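Undergrad: Following this message is one structure expressed as structure tokens.
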Amino acid sequence: MKVALASDHGGVHIRKEIRNLLEEMGIEYQDFGCDCESSVDYPDYALPVAQKVANGEFDRGILICGTGIGMSISANKVKGIRCALVHDVFSAKATRQHNDTNMLAMGERVIGPGLALEIAKVWLTTEFEGGRHARRIEKLTNYEEQNL
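With our numbering applied, the sequence shown corresponds to residues 256 to 403, in that order.
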């Protein structure tokens, strides 16, 4: 698995923690920043990372901002992206099992680093169940193909 990782100024600290987790898990990753705590625009980080996941350069992506909302909205503008905003472990597991998400968004101002690491680990290690869920993902993919 290869993971693209990015944050805006509101997610710098948790992004560094996630980077350490990826190294501990032996997961290849690339960190696309940002490396500052002064205000930057979240689409400048979310959109390029989402595009890299959508075009297959990376298998999955993780985005962090203050709330995770801006990053998730931005990522979901890219065709082929299913980015879930997650702040609990149950949702992290469910969004992989049922929605086959390829991107995860979290908010540093909403959750702490301990919970963020738990969420990321569960999300990274949970497989898509397929079955009835595959039919639903196919409907989303068909809609994207026809309308985006």
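We put the beta carbon where it would ideally sit given N, CA and C, even for glycine. All of these numbers come straight from a predicted model, not from anything done at the bench.
Contact between the stretch 280-296 and the stretch 339-359 is defined here as three or more beta-carbon pairs at a separation below 8 Å; is this criterion met?
TA: Result no; under three Cβ-Cβ pairs closer than 8 Å.
Undergrad: Count the CB pairs spanning the stretch 327-336 and the stretch 373-387 that are closer than 8 Å, and state whether there are at least three.
TA: The answer is no - the stretch 373-387 does not touch the stretch 327-336, with fewer than three Cβ pairs under 8 Å.
Undergrad: By Cβ distance, which residues of its chain are closer than 6 Å to residue 331, with the 5 residues on each side in sequence left out?
TA: In the sequence shown, residue 331 corresponds to position 76, counting from 1. Same-chain partners within the cutoff: 338.
Undergrad: Can you check whether the CB of residue 363 is closer than 8 Å to the CB of residue 266?
TA: Within the sequence shown, numbered from 1, the residue matching residue 266 stands at position 11. Within the sequence shown, numbered from 1, the residue matching residue 363 stands at position 108. Going by C-beta atoms, residue 266 is nearer than 8 Å to residue 363.
Undergrad: Grouping DSSP H, G and I as helix and E and B as strand, with all else coil, what is residue 348?
TA: As a working mapping, residue 348 is identified with position 93 in the sequence shown. Three-state DSSP puts residue 348 in a helix.
Undergrad: Name the residue from 393, 371, 403 whose alpha carbon lies nearest to the alpha carbon of residue 323.
TA: The sequence position of residue 323 within the sequence shown is 68, counting from 1. Nearest of 393, 371, 403 to residue 323, Cα basis: 371.
Undergrad: Can you name the start and end residues of the alpha helix (DSSP H) that residue 379 belongs to?
TA: Translated into positions along the sequence shown, residue 379 becomes position 124. Run containing residue 379: 368-380, per the alpha helix (DSSP H) assignment.
Undergrad: Buried or exposed, going by whether 16 or more other CB atoms sit within 10 Å of the CB of residue 320?
TA: Numbered from its first residue, the sequence shown carries residue 320 at position 65. Buried.
Undergrad: According to DSSP, is residue 284 part of a helix, a strand, or is it coil?
TA: Taking the sequence shown and counting its residues from 1, the one referred to as residue 284 is at position 29. If DSSP states are grouped into helix, strand and coil, residue 284 belongs with the strands.
Undergrad: Give the C-beta separation of residue 358 and residue 308 to the nearest angstrom, bearing in mind that I take them to be a contact with Cβ-Cβ under 8 Å.
TA: Against the sequence shown, residue 358 aligns to sequence position 103. Against the sequence shown, residue 308 aligns to sequence position 53. About 6 Å; that satisfies the 8 Å criterion.
Undergrad: When DSSP labels each residue in this structure, what does residue 258 get in the three-state scheme?
TA: Residue mapping note: residue 258 aligns to position 3 of the sequence shown, counting from 1. It is a strand residue.
Undergrad: If you compare alpha carbons, which of 277, 263, 303 is closest to residue 293?
TA: Reading the sequence shown from its first residue, position 38 is the one you call residue 293. That would be 263, whose Cα lies nearest to the Cα of residue 293.
Undergrad: Near residue 327, which residues of its chain fall below 6 Å by C-beta distance, leaving aside the five closest residues on each side in sequence?
TA: Along the sequence shown, read from residue 1 onward, the residue named residue 327 stands at position 72. Here the set comprises 338, 340, 360.
Undergrad: By Cβ distance below 6 Å, which residues in the same chain neighbour residue 257 in space, the five residues on each side in sequence not counted?
TA: Stepping through the sequence shown from its first residue, residue 257 is reached at position 2. Only 283, 313, 314 meet the Cβ criterion.
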